[in-house]
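Heads up, the thing below is written out as structure tokens.
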Amino acid sequence: MESKTVIDIENISKIYEMGTQQVFALRDVSLKIGENEYVALMGPSGSGKSTLMNILGCLDTPTDGKYLFKDENVKEMTDNDLAEIRNREIGFVFQTFNLLPRANAVKNVELPLVYSGMSPSKREELAEQTLINVGLGDRMDHKPNELSGGQRQRVAIARALVTNPAIILADEPTGNLDTKTGDEIMILFNKLWQNGNTIILVTHEEEVAMHAKRIIRMRDGLIESDTENPHFKVK
Amino acid sequence: MKILFEIFENLKMSFESIIASPLRSFLASLGVMVGISIVILMGWLLDGLDNSFQKTFEIIGADMIYVDKWDWTGGKSWKLLRNRKNLTLEQALKLKENHTSAERVIPNFNQWGGTVQFEKETIEGISVVGAPSENQHTPAGDLIEGRYYTEFEDNQAEQVLVIGYNVYKALFPNGKAVGEIVKMNNRKYEIIGVVRKRGTFMFDFIDNQVFIPINNFIKVYGNKSRSVNIGVKAGSKEKLDEVRTETIGLMRTIRNVKPEAENDFSINETKVFEESIAKIRSIIWLAGIGLTMLSFVVGIIGIMNIMFVSVTERTKEIGIRKSMGAKKRSIWSQFLFESSALTFGGALISIVVCSGLIYVARIAVIKFFPDISEVVEYFPPYLSLQLVIIASSVSIVLGIFAGLIPAIRASNLDPVNALRAD
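Heads up: the sequence lines are chains A and B, in that order.
For the first sequence, the residue numbers in my numbering are 1 to 235.
For the second sequence, the residue numbers in my numbering are 1001 to 1422.
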């Protein structure tokens, strides 16, 4: 069964200018990710996985190569077009949560909806529903500093989900959590995948990557291997 | 609709950000507050001055010109004026006889430095004006008590007196002056009328005038070696030009001025004051604008500085917002809203503070300077709507100015780098 392609990159390179030196963060990387895949992007630091994630997330553009996101050419997009893709199609989950400290859980989850121009009442309704879905129905009015790490990450996940994006990009989502809480978050991702979401997990930890269905290993700006995870379990 | 939601969101965010650190916001907008306050107070001061000048025109009569040996403008040398031949009563009467466009021609004599005495009270520095009964049709004929003398009384050179408001206040603090006998320059006069207060703080002397029949004046003070002052009433401001032209022509004929020679008399009118008022206005403006500009520059730097700090502090937040799909426009408008809200808030504080200052100033003047307390009438007790609108819009423009560079810097931040910031 071939699912619909969401991400299609071909021969992507990213070069950083460091003084007079050119540093290749990515070299000729090609990759396809289809709808409702659960992919782990794995590699040690400096392997180019973060650069790749930023490009996949439309936070950054490649120096060379082709990137089609849902058949649209990202390389030719303006800053505004990229912002719209990030807003509509991509849900970010960060290692450090990146919540707005002064806003409560609902307001944080509402944030992407603000930029899609939804009315305040609809925004609130949707944000509250999403918070209930990630198990935070009783923490809506809490500010980030009143929540535990796991709860904060759930808020961040709710924020990523609320626009119903094409992919969820999670960058070391368990990196700042203890093992037990981290496992709970990974179970949540598994559920999201079962609900039909496409998930890309970026991590340097083998154990975390083992939660994904497909594992892409990177090294020195190249894809080293791209395999199905034999140990994958539906939870 | 989308844009409305975004504007609303920006307003909310800027408000939240300002009240999150109220002291910092207050200090940052202090410079702007000072500048706005100067604008407000200057505008208020000019309003008051305009009002009192307006009042002054009414005293002198906006529809009157005065033919005189002396000149109000001060543009001519004193020597030249002194050497002019006196204007005589005969010339004035000829002018009156031949004038076709003027409503009235009213000659009058002046004697400075008089004294009026009633029982134990004395007032000095009085200007005695000898004028025909027709003078009651000029602004000096507006009485609060009694009546003007009649033509008959004038012809009889009666010892009757119409007193100015300062004289009335000084000699009759308890009111009721009409019918009393006073001694003026050691002659007894019966008071028959009191003129309404006309002077402002600028033309206070005008209420030191007293009026007696011109024939009495001639009898008592004589008209030899005295120049008459001729008031010519046009009847309306529109007729002034016509009346002025005819007056000059007639006076030149009456005084035998050669065709090529300059007038040997002056035409005095309120226009002269309008010109000097324009000068005073522009001096106040220039001084005010200088101060205002200075404080605005300081104010803009203050706001700009705090906005740069704000952008730096919130680099991570900007990164988060961008990764959630905020466009450049959303980011810069957020910071512009914030800087404008700072200056607009400053303007609101300035408006409140200045209103308080005005209120206190008016009370203080009445309490500590009762002599000039009537000044207060000309200075409004509240700020005009126009001033409030000017102050508010200027403040928003300043905010946009101050926030522009920081806002653009914020919107141009690279999302990847911004997210990495602490």
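C-beta: ideal position from N, C-alpha, C; glycine also.
Predicted model, so just to flag it, every value in this text is computed and none were measured.
Expected contact under 8 Å - CB spacing of residue i and residue j to nearest Å
{"i": "S1373 of chain B", "j": "V1365 of chain B", "result": "6 Å"}
{"i": "Q151 of chain A", "j": "L131 of chain A", "result": "In fact, because the Cβ distance is near 10 Å, the residues do not count as touching under 8 Å."}
{"i": "R217 of chain A", "j": "E207 of chain A", "result": "Actually they are not in contact, since the Cβ atoms of R217 of chain A and E207 of chain A sit about 14 Å apart, beyond 8 Å."}
{"i": "V39 of chain A", "j": "A212 of chain A", "result": "6 Å"}
{"i": "A1347 of chain B", "j": "S1395 of chain B", "result": "3 Å"}
{"i": "K70 of chain A", "j": "V162 of chain A", "result": "Actually they do not touch by this definition, with Cβ atoms about 19 Å apart."}
Length of the line joining the Cα atoms of residue i and residue j
{"i": "L31 of chain A", "j": "L1011 of chain B", "result": "43 Å"}
{"i": "K180 of chain A", "j": "S1025 of chain B", "result": "44 Å"}
{"i": "D1422 of chain B", "j": "N133 of chain A", "result": "30 Å"}
{"i": "K1188 of chain B", "j": "Q1111 of chain B", "result": "17 Å"}
{"i": "N1256 of chain B", "j": "P1381 of chain B", "result": "54 Å"}
{"i": "K1328 of chain B", "j": "S116 of chain A", "result": "14 Å"}
{"i": "K1271 of chain B", "j": "I1230 of chain B", "result": "17 Å"}
{"i": "N1208 of chain B", "j": "L1294 of chain B", "result": "44 Å"}
{"i": "F1337 of chain B", "j": "W1044 of chain B", "result": "29 Å"}
{"i": "D178 of chain A", "j": "S1350 of chain B", "result": "53 Å"}
{"i": "Y1086 of chain B", "j": "F1109 of chain B", "result": "It is Asn, not Tyr, that sits at residue 1086 of chain B in the sequence shown. So the two alpha carbons sit approximately 12 Å from each other."}
{"i": "Y67 of chain A", "j": "D8 of chain A", "result": "6 Å"}
{"i": "P1213 of chain B", "j": "V1220 of chain B", "result": "11 Å"}
{"i": "M1251 of chain B", "j": "W1285 of chain B", "result": "40 Å"}
{"i": "V1182 of chain B", "j": "I1123 of chain B", "result": "11 Å"}
{"i": "V1162 of chain B", "j": "E1242 of chain B", "result": "32 Å"}
{"i": "R1321 of chain B", "j": "N1051 of chain B", "result": "54 Å"}
{"i": "A1234 of chain B", "j": "V1105 of chain B", "result": "9 Å"}
Residue span of the beta strand (DSSP E) that contains residue i, given as start and end
{"i": "N104 of chain A", "result": "N104 of chain A -> no beta strand (DSSP E), and no H or E assigned at all."}
{"i": "N1108 of chain B", "result": "1104-1118"}
{"i": "E1124 of chain B", "result": "1121-1131"}
{"i": "G1175 of chain B", "result": "First-last for G1175 of chain B: undefined, no H or E at that position."}
{"i": "G65 of chain A", "result": "64-69"}
{"i": "S1266 of chain B", "result": "1266-1269"}
{"i": "G1231 of chain B", "result": "1229-1233"}
{"i": "L1161 of chain B", "result": "1160-1163"}
{"i": "L1143 of chain B", "result": "1143-1146"}
According to DSSP, residues forming a beta bridge with residue i
{"i": "R219 of chain A", "result": "A:L222"}
{"i": "M42 of chain A", "result": "A:T203, A:R217"}
{"i": "M1304 of chain B", "result": "DSSP lists no partner for M1304 of chain B."}
{"i": "M18 of chain A", "result": "A:Q21"}
{"i": "P1213 of chain B", "result": "B:A1131"}
{"i": "N281 of chain A", "result": "This structure does not reach residue 281 of chain A, given that chain A is present from 1 up to 235, and the question cannot be answered."}
{"i": "M53 of chain A", "result": "Partner(s): none; M53 of chain A has no beta bridge."}
{"i": "F92 of chain A", "result": "A:L169"}
{"i": "Y1189 of chain B", "result": "B:V1182"}
{"i": "E184 of chain A", "result": "DSSP output for E184 of chain A lists no bridge partner at all."}
{"i": "V1067 of chain B", "result": "B:I1230, B:I1267"}
{"i": "S1037 of chain B", "result": "DSSP lists no partner for S1037 of chain B."}
{"i": "V1309 of chain B", "result": "For V1309 of chain B, which the question treats as bridged, DSSP gives no partner whatsoever."}
{"i": "A1220 of chain B", "result": "With the sequence shown as reference, residue 1220 of chain B is identified as Val, and Ala is not the correct amino acid for it. Per DSSP, none; premise fails for V1220 of chain B."}
Chain-order list of residues whose beta-carbon lies under 7 Å from that of residue i (same chain, five-residue window excluded)
{"i": "G182 of chain A", "result": "T174"}
{"i": "N1185 of chain B", "result": "G1114, T1115"}
{"i": "F92 of chain A", "result": "G57, A160, L169"}
{"i": "L1342 of chain B", "result": "I1018, S1025, A1028, S1029, I1303, G1399"}
{"i": "H142 of chain A", "result": "N104, A105"}
{"i": "L99 of chain A", "result": "N108, P144, R152, V155, A156"}
{"i": "E1006 of chain B", "result": "S1330"}
{"i": "I1408 of chain B", "result": "W1332"}
Own chain partners of residue i with C-beta closer than 6 Å, once the 5 adjacent residues on each side are dropped
{"i": "T51 of chain A", "result": "K14, A25, L26"}
{"i": "V202 of chain A", "result": "L41, K49, M53, D171"}
{"i": "N1216 of chain B", "result": "A1157"}
{"i": "V1416 of chain B", "result": "none"}
{"i": "M210 of chain A", "result": "H231"}
{"i": "F1008 of chain B", "result": "none"}
{"i": "G221 of chain A", "result": "F24, A25, L26, R27, G48"}
{"i": "M1 of chain A", "result": "Note that M1 of chain A scores 46 on pLDDT, short of 50, meaning its location in the model is unreliable; the coordinates nonetheless yield the value given after this. Excluding positions up to five away in sequence, the list is empty."}
Span of the alpha helix (DSSP H), counted from its first residue to its last, around residue i
{"i": "V1397 of chain B", "result": "1385-1411"}
{"i": "Y1359 of chain B", "result": "1328-1368"}
{"i": "L1081 of chain B", "result": "1078-1082"}
{"i": "Q1136 of chain B", "result": "Element bounds for Q1136 of chain B: n/a, residue is neither H nor E."}
{"i": "E1238 of chain B", "result": "Element bounds for E1238 of chain B: n/a, residue is neither H nor E."}
{"i": "E1006 of chain B", "result": "1002-1020"}
{"i": "T1315 of chain B", "result": "1315-1323"}
{"i": "A1092 of chain B", "result": "1089-1098"}
Any chain D beta carbon closer than 7 Å to residue i
{"i": "V93 of chain A", "result": "The chain inventory of the structure shown lacks chain D, comprising the protein chains A and B."}
Proximal residues to residue i (C-beta, below 8 Å), its chain only, five neighbours per side dropped
{"i": "E1313 of chain B", "result": "none"}
{"i": "V234 of chain A", "result": "N190, Q194"}
{"i": "P1406 of chain B", "result": "M1304, M1307, F1308, S1310, V1311, F1335, S1339"}
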